[in-house]
Amino acid sequence: MSYRGRFAPSPTGPLHAGSLVAALASWLDARAHGGAWLVRIEDVDTPRCIPGADQLILQQLAACGLESDEPVVWQSARGAGYQAALDRLIAQGDVFPCACSRQDIERALLANGTPRERHQAAVYPGTCRPENGGLRGRAPRAWRFRVPDGAPVRWHDRRLGPQSQDVAATVGDFILRRADGLWAYQLAVVVDDAAQGITHVVRGEDLADNTPRQILLQRALGLPTPQYLHTPLVRGDNGEKLSKQNGAQALDLSDPLAALNAAARALGLSPRTGTVASALKDWSRAWAGSAP
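Take the sequence shown: its position 123, counted from the start at 1, is 1059 in my numbering, and no numbers get skipped.
As C-alpha cells, then:
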C-alpha cells in the first residue's frame, strides 16, 4: 500500500508557528516514506472562515517549499459525499435526530446529578435516543452518531504509543450535522481521508482526542483506519498552546528558512543553513532514520 499523507488546515487565519510544525512533520513523513503529500482546506465551518485565508495559507506553504502533490481539495465542495455517508448511517441505525440545545443538555446533566465540569465539554446524556423517547414532538436540530456502549476505543499512536478512550463516557453521542445545517468536522475528515486514500495522518497533539471518534465512524462506514502520529504542541511564553483562538501571530516568512528551522527544532531536528530545498532534503533523511 502506497503512503498517502495530508495537511488539512482550516482557513480561519494565516498559518502560525504551531501549524507549521504540523505541516512540516506531515510533509517530512510523506517524503521519508516515498509517498504523496496532499493539502486539504477544511472550510466546512464557514462562519469561522476568513475570506482569502485559504490562498494565504497555500502561499505560506509554498514559501516554505511545501506544495501539494495533487490538486488541493476544499471541504466546502464536498457536501454530497458527507450526505451520502450520513444517509448510510441513517439506514444502518447508527445516527438519530436530536432536538437538544446546549442549555437543554446542561439542564439534563444537572437533573441527572452529573453536571458539566468547568472548562470541559458536556457529555451528551442520550436525551433524544429513540429508546429514551426520541424527539418527543420537538423539531430536530442536529444528527448525532450513536456511540456504542461498552469497551473503550483502542489505537496505537506512532509517537504517543498505545491509546484508549471510552467515548461513551467522555463524549457521548456526538454531532455529525449541526443545527445550522453545517457538517461537523468528525464526519467530514473521515469521509475525506477515505476519499483521498489517506494512509497516514500526522497532525498536532491537540487533535489526538478526536481520533477515537473518527475510528468509530470509520468502522461504522466500513472505511480503513489510517496510522496516526500526533506531533508535540508548540506553546507560547504563557504556557498555552499556540493557536488562532489564543491569538497566535501569523508566521513571519521574510526568512522562510528561519521559520522552518524553528519548526524543525520543535520536532527534534537540527537547524540547517543554505536553501529551503537543501534543508528539507536533509530533514527528510533525518526523519527517515528516526521517525517512529
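Note that the Cβ used here is the ideal one computed from N, Cα and C, for glycine as well.
{"Asked": "Can you tell me which of Trp1010, Gln1132, Asp1142 and Ile1111 puts its alpha carbon nearest to the alpha carbon of threonine 1167?", "Found": "Asp1142"}
{"Asked": "In three-state terms, what does DSSP make of isoleucine 1134?", "Found": "coil"}
{"Asked": "Report the partner residues of histidine 1166 according to the DSSP bridge assignment.", "Found": "Arg1139"}
{"Asked": "Give the single residue among Gly988, Pro983 and Pro1098 whose Cα lies nearest to the Cα of aspartate 1116.", "Found": "Pro983"}
{"Asked": "Can you tell me the Cα-Cα spacing of isoleucine 1026 and isoleucine 986, whole angstroms?", "Found": "33 Å"}
{"Asked": "Could you check if proline 945 is buried or exposed, using at least 16 other CB atoms within 10 Å of its CB as the buried criterion?", "Found": "buried"}
{"Asked": "Let's see if you can read the secondary structure: which residues bound the alpha helix (DSSP H) around proline 1192?", "Found": "1192-1202"}
{"Asked": "Given this structure, state the Cα-to-Cα distance separating glutamine 1099 from histidine 969, to the nearest angstrom.", "Found": "24 Å"}
{"Asked": "Is DSSP giving aspartate 1102 helix, strand or coil here?", "Found": "coil"}
{"Asked": "Do valine 957 and alanine 1199 come within 9 Å of each other at the CB atom, strictly closer than that value?", "Found": "yes"}
{"Asked": "Pick out whichever of Trp1223, Gly949 and His952 has its Cα sitting closest to the Cα of arginine 1095.", "Found": "Trp1223"}
{"Asked": "For alanine 1186, write down the residues that DSSP places opposite it in a beta bridge.", "Found": "His952"}
{"Asked": "Let's see if you can read the secondary structure: which residues bound the alpha helix (DSSP H) around alanine 1021?", "Found": "1015-1028"}
{"Asked": "Could you check the C-alpha separation between phenylalanine 1081 and alanine 1013 for me, to the nearest Å?", "Found": "23 Å"}
{"Asked": "First and last residue of the alpha helix (DSSP H) that includes tryptophan 1219?", "Found": "1212-1226"}
{"Asked": "Bridge partners for glycine 1001 per DSSP, in chain order?", "Found": "Note: glycine 1001 sits in no beta bridge, so no partner."}
{"Asked": "When the Cα atoms are used, what is the spatial distance from serine 962 to glycine 1070?", "Found": "43 Å"}
{"Asked": "Using the C-alpha atoms, what's the distance from glutamine 1185 back to asparagine 1174?", "Found": "At asparagine 1174 the pLDDT is 49, less than 50, meaning the model places this residue with poor confidence; the figure from the coordinates comes in the next sentence. For asparagine 1174 and glutamine 1185, the distance between alpha carbons rounds to 14 Å."}
{"Asked": "Which value, in whole angstroms, describes the spacing of the CA atoms of tryptophan 1079 and alanine 1215?", "Found": "47 Å"}
{"Asked": "One question on the structure: do arginine 1139 and leucine 1159 come within less than 9 Å of each other, judged by their Cβ atoms?", "Found": "no"}
{"Asked": "From which residue to which residue does the beta strand (DSSP E) around alanine 879 run?", "Found": "Residue 879 lies beyond the residue range present for the chain, which begins at 937 and ends at 1228; the question has no answer from this structure."}
{"Asked": "For alanine 1202 and leucine 1193, I'd like the C-alpha separation in whole angstroms.", "Found": "14 Å"}
{"Asked": "Would you report the Cα separation of glycine 1017 and aspartate 1005, rounded to the nearest angstrom?", "Found": "22 Å"}
{"Asked": "To the nearest angstrom, how far is the alpha carbon of asparagine 1182 from that of histidine 952?", "Found": "Since pLDDT at asparagine 1182 reaches only 49, below the 50 mark, its modelled position is unreliable, and no value is offered."}
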